[in-house]
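Heads up: the sequence shown at position 30 corresponds to 697 in our numbering, and the numbers run straight through without jumps.
Idealized CB from N, CA, C, for every residue including glycine.
A short worksheet on the structure shown next.
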Amino acid sequence: MSTNTSNEMVELKITNTGDTVPEESVDALLEPFRRLDRVRTSHADGHGYGLGLSIVHAIARAHRATLDIQPQPGGGLCVSVAWDRGA
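Spelled out as structure tokens, the structure:
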């Protein structure tokens, strides 16, 4: 996790590790209750909720922030939320 500030914006960036996420699957992860597959959940019983990124997306929209999600070459995602400093 990292933060960055400038005169124009404030940014929060979180990078995780995990399986490779295909670029074409990123938008689907913003939909509530969507997961790529059962292997990606941390629950031993195979049940996950698929709500994390949809909640982040809703919060970003509500606060007029920019959400950027980039798959990482070795696996995992880099998720960045940036706000205009005046917002």
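| field | Cross-strand partners of Q737 (DSSP beta bridge) | value | C745
| task | Count the CB pairs spanning the segment 687-696 and the segment 737-746 that are closer than 8 Å, and state whether there are at least three. | result | yes
| task | Verify whether the separation of the beta carbon atoms of V677 and R752 is less than 8 Å. | result | In contact: V677 and R752 (Cβ atoms closer than 8 Å).
| request: Taking the CB atoms as reference points, tell me whether S721 and K680 lie closer together than 8 Å. | output: In this structure, K680 does not lie closer than 8 Å to S721 by Cβ.
| message | Please report the distance separating the alpha-carbon of N683 from that of V723. | response | 15 Å
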